[in-house]
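First residue of the sequence shown: 855, per the working numbering; consecutive thereafter.
The beta-carbon is built from N, C-alpha and C at its ideal position, and this holds for glycine as well.
Reviewing the structure listed below.
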Amino acid sequence: MARANDDERPLVIKKVKKGGGGGHHGGAWKVAYADFTTAMMAFFMLLWLLNVSDKETLEGLADYFSPTSASVSGPSGAGKPFAGTAMDDAGTMGAGAAVVKIQGPPPTADNRDETLGHASDSSTAESEEFSPRTPDAADRAMAALENELRQAIQNSPQLARHRDQILIEQTPEGVRIQITDKDRRPLFRADTAELYTFARRLLKEIGAIVSALPNRIAITGHTDSRDLHDLAGYSIWELSADRANAARRVLAASGVSSDRFAEVTGKADTEPLYPTAPDRPENRRISILVLREAPVVAPGAGRRR
């Protein structure tokens, strides 16, 4: 009977719910560990960057992350990481401000005005350097001289007949007049400093115009690149110098005083009129440069006593 009663008892199923358990059974430690490993990775990455970066990069990083108000006092820390905030410097931890590199004393009322004055002077100098230069009296005189020479060439039958051999241009040094050779119409006899008659007349006409000016004159002789024939020891250097001196003698006979000649030089074939064709006859020429400056020698000072 008892067993029968036992079989008739209802079946009870008990479900046991597990609680949250202790702190070591949760997931909060995983978050803390992840933060720790991230911080360590960032720290070692920072150490690596400091090791591979040069001094200029470190100073740039320190200036970038430093506050706008820089402290003038405190250790400089030059040449160390973080531009003065190294951990091993005594007193650095208590400084409380990043130290940046400051050139010179802090601004005061006096040196602020001086700094503004220097800035104004530099800006004025830059504006003068890049502003276009206005023509002065010398520029106008050179332009008038160029026009006068061109007009004289047109008015003179002798010059007009050979105007294709006369070149006039303005240069920074002054007005340059060049008389060039032409095919079958050279200025000098071959390999000599002897002027042809028409070339002597051209120089006399130009000398009559130039003699009325106060400016000094520089004469330069030029040749082409061809070597001289059967003249041992006599090169195109001597020839160009002799031709320049021959032109000087004609100008002196036309009224140009001796103290007006600043220089007489020969440059051989070093300055061709046509660099890509050094054998062209136009490269053989006489250059007369009317200098932009006024004469610095008193009249008669260059004459022999």
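Assign residue i to buried or exposed, taking buried as 16 or more other Cβ atoms, counted over all protein chains shown, within 10 Å of its Cβ.
i: residue 1059; result: buried
i: residue 1126; result: buried
i: residue 1009; result: exposed
i: residue 1102; result: buried
i: residue 1016; result: buried
i: residue 1120; result: buried
i: residue 889; result: exposed
i: residue 1012; result: exposed
i: residue 992; result: exposed
i: residue 1124; result: exposed
i: residue 1026; result: exposed
i: residue 942; result: With a pLDDT of 48 at residue 942, under the threshold of 50, the modelled position of that residue is not reliable, and no figure is offered here.
i: residue 864; result: exposed
i: residue 916; result: buried
i: residue 1129; result: exposed
i: residue 895; result: exposed
i: residue 899; result: exposed
Roughly how far, in whole angstroms, is the beta-carbon of residue i from the beta-carbon of residue j, given that I think they are within contact range, below 8 Å?
i: residue 1061; j: residue 1105; result: 4 Å
i: residue 1118; j: residue 1065; result: That belief does not hold up - the Cβ atoms of residue 1118 and residue 1065 are roughly 17 Å apart, past 8 Å.
i: residue 999; j: residue 1072; result: At roughly 15 Å, the Cβ-Cβ gap does not stay under 8 Å, so residue 999 and residue 1072 are not in contact.
i: residue 1132; j: residue 1078; result: 6 Å
i: residue 1042; j: residue 1114; result: 23 Å between Cβ atoms; not a contact.
i: residue 1004; j: residue 1022; result: 6 Å
Shortest alpha-carbon distance to residue i belongs to which of the options?
i: residue 1116; options: 1038, 893, 1050 and 1028; result: 1028
i: residue 1002; options: 881, 1082, 1067 and 1078; result: 1067
i: residue 1112; options: 1070, 1025, 1024 and 885; result: 1070
i: residue 1056; options: 1006, 917, 1092 and 885; result: 1006
i: residue 1018; options: 994, 1053 and 1024; result: 1053
i: residue 1170; options: 1086, 1095 and 917; result: A query on residue 1170 cannot be resolved here, the shown segment of the chain reaching from 855 to 1159 and no further.
i: residue 1091; options: 997, 910, 883 and 1047; result: 1047
i: residue 1143; options: 1099, 1024 and 1051; result: 1024
i: residue 1063; options: 1089, 1049, 887 and 1108; result: 1108
i: residue 1051; options: 1085, 912, 1100 and 1083; result: 1100
I'd like to know if residue i contacts chain C, where contact means its C-beta is closer than 7 Å to some C-beta of that chain.
i: residue 1097; result: The question asks about chain C, but that chain is absent: this structure has only one protein chain.
Open item on the list: Which complete beta strand (DSSP E) runs does the region 984 to 1040 hold, if anything under 3 residues is left out?
Closed with: Listed in chain order, they are 1020 to 1025 and 1028 to 1034.
Open item on the list: Does the region 1135 to 1148 come into contact with the region 1017 to 1037, if we say contact requires no fewer than three beta-carbon pairs (one atom in each stretch) closer than 8 Å?
Closed with: Segments in contact, yes.
Task: Sequence ranges, beta strand (DSSP E) only - wholly within the region 1051 to 1115, length at least 3 - done: 1071 to 1076
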